[in-house]
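K.L.:
Okay, here's the structure, questions in a sec.
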């Protein structure tokens, strides 16, 4: 006498699918991450040319990014200033932020424009923005 009826293969697949369906959005959102690592100090001494260096490391695990298409910028007061790659160090970029001689700080963020591969079409443009950062200029 059988006390239970074993599930067939089709029923087992449906049961597994129903259990993992609620987790699907979490898995999709956790899959692609882009990280900005700011290497710029929080404070810099005031200098004569009013140009202050900034550095960032840009990393992403998005497989579709076309790394050869990266165009990095630093965004200050609505103006974009180009960043250049640091020699020998991968994914590290540097540039300068202008700060008026009368200002004691500046808010900036990094912007990376790039192309990504899209199924069935030509590569598509996209951008990634860092959080906002504040650079304090101290008089000596």
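Numbering (the numbering used here), first residue to last: 48 to 187. Quick reminder that beta carbons are idealized off the backbone N, C-alpha and C, glycines included. Please read all numbers here as calculations on a predicted model, not as lab measurements.
1. Taking 7 angstroms as the limit between beta carbons, can you name the residues of its chain near residue 92, skipping five residues before and five after?
2. I'd like the list of long-range same chain contacts for residue 111, defined as Cβ closer than 8 angstroms, with 5 residues on each side in sequence excluded.
3. Quick check on residue 175: does DSSP put it in helix, strand or coil?
4. Shortest alpha-carbon distance to residue 109 belongs to which of 173, 120, 181, 182?
5. Leaving out five residues on either side along the sequence, give the residues of the same chain with a beta carbon under 7 angstroms from the beta carbon of residue 76.
6. Check each candidate in 149, 176, 160 and name the one with the smallest Cα separation from residue 94.
7. Using CA coordinates, which residue listed in 87, 80, 79 is at the minimum distance from residue 156?
8. Does DSSP put residue 88 in a helix, in a strand, or in coil?
9. Please report the distance separating the alpha-carbon of residue 140 from that of residue 167.
10. Among the candidates 133, 124, 90, whose CA atom is the shortest distance from the CA of residue 104?
11. What residues are listed by DSSP as bridge partners for residue 107?
12. Please report the Cβ distance between residue 182 and residue 152, rounded to the nearest whole angstrom; I am assuming they are in contact, meaning their Cβ atoms lie under 8 angstroms.
13. For residue 178, does the count of other Cβ atoms within 10 angstroms reach 16, so buried, or fall short, so exposed?
P.N.:
From the atom records:
1. Cβ neighbours of residue 92 beyond the five flanking positions: 185, 187.
2. Excluding positions up to five away in sequence, the list reads 163, 164, 165.
3. DSSP places residue 175 in the strand class (E or B) of the three-state scheme.
4. Comparing Cα-Cα distances from residue 109 to each of 173, 120, 181, 182, the minimum goes to 173.
5. For residue 76, the pLDDT reaches just 42, beneath the cut-off of 50, and the residue's location in the model is therefore unreliable, leaving the point undetermined.
6. Nearest neighbour of residue 94 by Cα position, chosen from 149, 176, 160, turns out to be 149.
7. Closest option to residue 156, Cα to Cα, is 87.
8. Three-state result, residue 88: coil.
9. Taking the straight line from one Cα to the other gives about 32 angstroms.
10. Considering only alpha carbons, the answer is 133.
11. For residue 107, which the question treats as bridged, DSSP gives the partners 81.
12. Contact flag correct, Cβ pair sits at about 6 angstroms.
13. Answer is exposed; the Cβ neighbour count stays below 16.
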